[in-house]
Amino acid sequence: MGQSVTARVLRVLAAFSAERPELMLTEIGRRAELPLTTAHRIVGELTEWGALERAADGRYRIGLRLWEVGALAPRGLGLRESAMPFLEDLYAVTKQNVQLAVLDGSEVVYLERLSGRGAVHVFTRVGGRLPLHATGVGLVLLAFATPELQEQVLASPLKRYTSRTICHPDELRRALAEVRRTGVAVSEGQIELVSLSVAAPVRGPDGDVVAALSVVVPAGSADARAYVPVVLTAARGISRVLGCPD
(Lines of atoms letter the chains of each structure in order from A and count residues from 1; the text may use other names and numbers.)
(Lines give C-alpha, C1' and ligand atoms only; values in the text may rest on other atoms or scores of the structure.)
Protein backbone atom coordinates (compact mmCIF):
# COMPACT_ATOMS: atom_id res chain seq x y z
CA MET A 1 0.00 0.00 0.00
CA GLY A 2 1.41 3.43 -0.99
CA GLN A 3 2.13 6.20 1.43
CA SER A 4 -0.43 8.93 1.98
CA VAL A 5 0.30 12.50 0.93
CA THR A 6 0.51 13.50 4.61
CA ALA A 7 3.10 10.81 5.31
CA ARG A 8 5.23 12.04 2.42
CA VAL A 9 5.02 15.64 3.60
CA LEU A 10 6.07 14.61 7.09
CA ARG A 11 9.01 12.65 5.70
CA VAL A 12 10.17 15.74 3.82
CA LEU A 13 10.04 17.82 7.02
CA ALA A 14 11.76 15.06 8.99
CA ALA A 15 14.66 15.14 6.54
CA PHE A 16 15.89 18.27 8.30
CA SER A 17 17.77 17.99 11.58
CA ALA A 18 19.94 20.05 13.91
CA GLU A 19 22.97 18.56 12.18
CA ARG A 20 21.56 19.18 8.68
CA PRO A 21 19.35 22.31 8.92
CA GLU A 22 19.84 23.19 5.24
CA LEU A 23 19.45 20.72 2.37
CA MET A 24 19.50 20.70 -1.41
CA LEU A 25 16.45 19.25 -3.16
CA THR A 26 18.30 16.07 -4.09
CA GLU A 27 19.34 15.59 -0.45
CA ILE A 28 15.74 16.04 0.71
CA GLY A 29 14.55 13.42 -1.77
CA ARG A 30 17.26 10.98 -0.69
CA ARG A 31 16.77 11.48 3.06
CA ALA A 32 12.97 11.28 2.72
CA GLU A 33 13.29 8.24 0.44
CA LEU A 34 11.09 9.85 -2.22
CA PRO A 35 11.43 10.11 -6.00
CA LEU A 36 12.95 13.43 -7.02
CA THR A 37 9.79 14.50 -8.85
CA THR A 38 7.66 13.83 -5.77
CA ALA A 39 10.11 15.64 -3.51
CA HIS A 40 10.18 18.58 -5.92
CA ARG A 41 6.40 18.91 -5.88
CA ILE A 42 6.07 18.65 -2.08
CA VAL A 43 8.97 21.01 -1.41
CA GLY A 44 7.48 23.54 -3.83
CA GLU A 45 4.12 23.48 -2.05
CA LEU A 46 5.71 23.71 1.39
CA THR A 47 7.86 26.63 0.27
CA GLU A 48 4.86 28.46 -1.18
CA TRP A 49 3.00 28.05 2.13
CA GLY A 50 6.03 29.14 4.18
CA ALA A 51 6.88 25.86 5.91
CA LEU A 52 10.19 25.86 4.00
CA GLU A 53 12.41 28.66 2.77
CA ARG A 54 14.81 28.59 -0.20
CA ALA A 55 18.16 30.33 0.18
CA ALA A 56 20.04 32.05 -2.64
CA ASP A 57 22.32 29.01 -3.07
CA GLY A 58 19.32 26.75 -3.63
CA ARG A 59 19.35 25.10 -0.25
CA TYR A 60 16.11 24.72 1.70
CA ARG A 61 15.54 25.24 5.43
CA ILE A 62 12.58 25.20 7.81
CA GLY A 63 10.48 28.35 7.37
CA LEU A 64 9.08 30.76 9.90
CA ARG A 65 5.49 29.77 9.13
CA LEU A 66 6.15 26.31 10.56
CA TRP A 67 7.78 27.88 13.62
CA GLU A 68 4.66 30.04 14.12
CA VAL A 69 2.43 26.98 14.08
CA GLY A 70 4.71 25.02 16.41
CA ALA A 71 4.78 27.89 18.90
CA LEU A 72 1.02 27.50 19.36
CA ALA A 73 1.38 24.06 20.98
CA PRO A 74 -0.54 24.65 24.25
CA ARG A 75 1.57 22.36 26.43
CA GLY A 76 4.70 24.35 25.64
CA LEU A 77 3.25 27.83 25.21
CA GLY A 78 1.50 28.32 28.56
CA LEU A 79 4.18 26.46 30.47
CA ARG A 80 7.00 28.50 28.98
CA GLU A 81 5.24 31.81 29.63
CA SER A 82 4.57 30.85 33.25
CA ALA A 83 8.13 29.66 33.74
CA MET A 84 10.10 32.49 32.12
CA PRO A 85 10.26 34.88 35.13
CA PHE A 86 11.60 32.05 37.29
CA LEU A 87 14.05 30.89 34.62
CA GLU A 88 15.34 34.44 34.31
CA ASP A 89 15.72 34.77 38.09
CA LEU A 90 17.56 31.44 38.27
CA TYR A 91 19.88 32.50 35.47
CA ALA A 92 20.53 35.85 37.17
CA VAL A 93 21.64 33.99 40.30
CA THR A 94 23.72 31.25 38.64
CA LYS A 95 24.94 32.76 35.32
CA GLN A 96 24.89 29.17 34.03
CA ASN A 97 22.62 27.18 31.70
CA VAL A 98 19.01 27.14 32.86
CA GLN A 99 16.66 24.72 31.10
CA LEU A 100 12.97 23.80 31.01
CA ALA A 101 11.95 20.45 29.56
CA VAL A 102 8.92 18.20 29.14
CA LEU A 103 8.35 14.52 28.52
CA ASP A 104 7.46 13.39 25.00
CA GLY A 105 7.22 9.66 24.53
CA SER A 106 10.45 8.26 25.93
CA GLU A 107 12.49 11.42 25.38
CA VAL A 108 13.07 14.86 26.86
CA VAL A 109 12.10 17.87 24.75
CA TYR A 110 13.64 21.20 25.73
CA LEU A 111 11.20 24.13 25.70
CA GLU A 112 13.62 26.84 26.80
CA ARG A 113 17.28 27.39 27.60
CA LEU A 114 18.96 30.50 28.97
CA SER A 115 22.73 30.61 28.76
CA GLY A 116 25.54 33.10 29.26
CA ARG A 117 28.86 33.47 27.45
CA GLY A 118 30.79 31.97 30.34
CA ALA A 119 28.43 29.05 30.97
CA VAL A 120 29.67 25.48 30.66
CA HIS A 121 29.11 23.86 27.25
CA VAL A 122 25.92 21.82 26.77
CA PHE A 123 24.49 19.86 23.85
CA THR A 124 20.92 20.97 24.43
CA ARG A 125 18.95 23.41 22.27
CA VAL A 126 15.37 24.65 22.28
CA GLY A 127 13.28 22.02 20.52
CA GLY A 128 16.03 19.44 20.92
CA ARG A 129 15.60 15.95 22.31
CA LEU A 130 17.69 13.74 24.58
CA PRO A 131 17.07 10.37 26.25
CA LEU A 132 15.60 10.26 29.72
CA HIS A 133 18.27 8.18 31.46
CA ALA A 134 21.23 10.47 30.71
CA THR A 135 19.98 13.93 31.73
CA GLY A 136 18.99 15.59 34.99
CA VAL A 137 15.60 16.71 33.67
CA GLY A 138 15.13 13.26 32.13
CA LEU A 139 15.72 11.50 35.43
CA VAL A 140 13.16 13.76 37.09
CA LEU A 141 10.55 13.19 34.39
CA LEU A 142 11.14 9.44 34.35
CA ALA A 143 11.10 9.15 38.15
CA PHE A 144 7.56 10.56 38.23
CA ALA A 145 6.34 8.96 34.99
CA THR A 146 3.93 6.05 34.76
CA PRO A 147 5.23 2.62 35.81
CA GLU A 148 4.63 1.46 32.24
CA LEU A 149 6.98 4.07 30.79
CA GLN A 150 9.58 3.39 33.45
CA GLU A 151 9.59 -0.31 32.63
CA GLN A 152 9.74 0.46 28.91
CA VAL A 153 12.83 2.60 29.37
CA LEU A 154 14.45 0.13 31.77
CA ALA A 155 13.94 -2.69 29.26
CA SER A 156 15.37 -0.73 26.32
CA PRO A 157 19.05 -0.24 25.45
CA LEU A 158 20.47 2.67 27.45
CA LYS A 159 22.82 4.65 25.23
CA ARG A 160 26.23 5.45 26.66
CA TYR A 161 27.57 8.99 26.11
CA THR A 162 30.43 9.01 28.60
CA SER A 163 32.01 6.71 31.17
CA ARG A 164 29.53 8.11 33.72
CA THR A 165 26.32 7.52 31.78
CA ILE A 166 23.82 5.31 33.60
CA CYS A 167 23.53 2.26 31.36
CA HIS A 168 22.48 -0.53 33.73
CA PRO A 169 18.78 -0.99 34.62
CA ASP A 170 19.48 -1.65 38.30
CA GLU A 171 21.57 1.52 38.57
CA LEU A 172 18.82 3.49 36.85
CA ARG A 173 16.18 2.08 39.23
CA ARG A 174 18.27 3.24 42.19
CA ALA A 175 18.74 6.68 40.65
CA LEU A 176 14.99 7.09 40.07
CA ALA A 177 14.21 6.00 43.63
CA GLU A 178 16.67 8.61 44.92
CA VAL A 179 14.99 11.33 42.83
CA ARG A 180 11.60 10.42 44.29
CA ARG A 181 13.07 10.41 47.80
CA THR A 182 14.85 13.75 47.58
CA GLY A 183 12.73 15.56 44.99
CA VAL A 184 15.81 16.48 42.98
CA ALA A 185 18.15 14.87 40.43
CA VAL A 186 21.90 15.48 40.33
CA SER A 187 23.37 14.14 37.10
CA GLU A 188 27.14 14.54 36.68
CA GLY A 189 29.05 13.89 33.47
CA GLN A 190 26.39 11.77 31.82
CA ILE A 191 26.17 13.61 28.49
CA GLU A 192 29.48 15.48 28.74
CA LEU A 193 32.08 14.92 31.43
CA VAL A 194 32.51 18.68 31.88
CA SER A 195 28.97 19.35 33.10
CA LEU A 196 26.72 18.63 36.06
CA SER A 197 22.93 19.08 36.06
CA VAL A 198 20.72 19.80 39.07
CA ALA A 199 17.04 19.28 38.21
CA ALA A 200 13.68 19.44 39.98
CA PRO A 201 10.06 18.67 39.04
CA VAL A 202 7.45 21.24 38.02
CA ARG A 203 3.91 20.23 38.99
CA GLY A 204 0.54 21.17 37.53
CA PRO A 205 -2.87 21.88 39.11
CA ASP A 206 -3.47 18.24 40.08
CA GLY A 207 0.02 17.81 41.54
CA ASP A 208 1.31 15.69 38.66
CA VAL A 209 4.77 16.44 37.27
CA VAL A 210 4.32 18.33 33.98
CA ALA A 211 7.91 19.49 33.38
CA ALA A 212 11.39 19.61 34.83
CA LEU A 213 13.70 22.55 35.47
CA SER A 214 17.47 22.35 35.67
CA VAL A 215 20.66 24.35 35.96
CA VAL A 216 23.80 22.95 34.30
CA VAL A 217 27.12 23.91 35.91
CA PRO A 218 30.74 22.78 35.54
CA ALA A 219 31.35 19.24 36.81
CA GLY A 220 33.52 18.90 39.88
CA SER A 221 32.35 22.23 41.26
CA ALA A 222 32.82 22.17 45.03
CA ASP A 223 29.52 23.98 45.56
CA ALA A 224 27.42 22.04 43.03
CA ARG A 225 25.01 20.86 45.74
CA ALA A 226 24.49 24.49 46.75
CA TYR A 227 22.41 24.87 43.57
CA VAL A 228 19.77 22.47 44.88
CA PRO A 229 17.85 25.04 47.02
CA VAL A 230 17.63 27.65 44.24
CA VAL A 231 16.54 25.08 41.66
CA LEU A 232 13.87 23.73 44.02
CA THR A 233 12.67 27.25 44.78
CA ALA A 234 12.32 28.09 41.07
CA ALA A 235 10.53 24.83 40.30
CA ARG A 236 8.10 25.35 43.18
CA GLY A 237 7.47 28.92 42.05
CA ILE A 238 6.50 27.75 38.57
CA SER A 239 4.32 25.01 40.06
CA ARG A 240 2.55 27.58 42.20
CA VAL A 241 1.81 29.77 39.15
CA LEU A 242 0.46 26.70 37.34
CA GLY A 243 -2.00 26.13 40.19
CA CYS A 244 -0.31 23.29 42.02
CA PRO A 245 -1.68 22.85 45.54
CA ASP A 246 0.85 23.52 48.29
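Letter 194 of the sequence shown, counting from 1, is numbered 202 in the numbering used here, and no numbers are missing.
In this text, a Cβ means the ideal position worked out from N, Cα and C, and glycines have one as well.
Taking all protein chains shown into account, residue 189 has fewer than 16 neighbouring C-beta atoms within 10 Å of its C-beta and is therefore exposed. The three-state secondary structure of residue 192, taken from DSSP, is coil. Here DSSP, grouped into helix, strand and coil, assigns residue 201 to coil. Under the DSSP assignment, residue 108 falls in the beta strand (DSSP E) whose first and last residues are 105–112. The DSSP assignment places complete alpha helix (DSSP H) segments of no fewer than 4 residues inside the stretch 120–196 at 144–151, 155–163 and 177–190, in order along the chain. In this structure, the beta-carbon distance from residue 191 to residue 150 does not fall below 8 Å. In the DSSP assignment, residue 253 falls outside any alpha helix (DSSP H) and carries neither an H nor an E. Taking the C-beta atoms as reference points, residue 201 is found no nearer than 8 Å to residue 141. At a cut-off of 4 residues, the continuous stretches assigned as alpha helix (DSSP H) that sit fully inside the stretch 17–85 are 33–40, 44–57 and 72–78. With respect to the C-alpha of residue 56, the residue from 71, 114 and 45 having the closest C-alpha is 71.
Across the set 31, 101, 212 and 221, the C-alpha of 221 shows the shortest separation from the C-alpha of residue 119.
Annotation for residue 237: no beta strand (DSSP E) segment contains it, though the alpha helix (DSSP H) segment containing it runs 235–249.
With the rule of 3 Cβ pairs closer than 8 Å, the stretch 198–214 counts as touching the stretch 165–174. Annotated three-state conformation of residue 222 is strand, per DSSP. In terms of Cα proximity to residue 63, the closest of 50, 38, 32 and 133 is 32. By the CB criterion at 8 Å, residue 102 and residue 225 fall inside the cutoff. The straight-line gap separating the alpha-carbon atoms of residue 96 and residue 122 is approximately 8 Å.
Non-local C-beta neighbours of residue 232 in its own chain, meaning closer than 8 Å and more than five positions away in sequence, comprise 194, 196, 204, 206 and 225, ordered along the chain.
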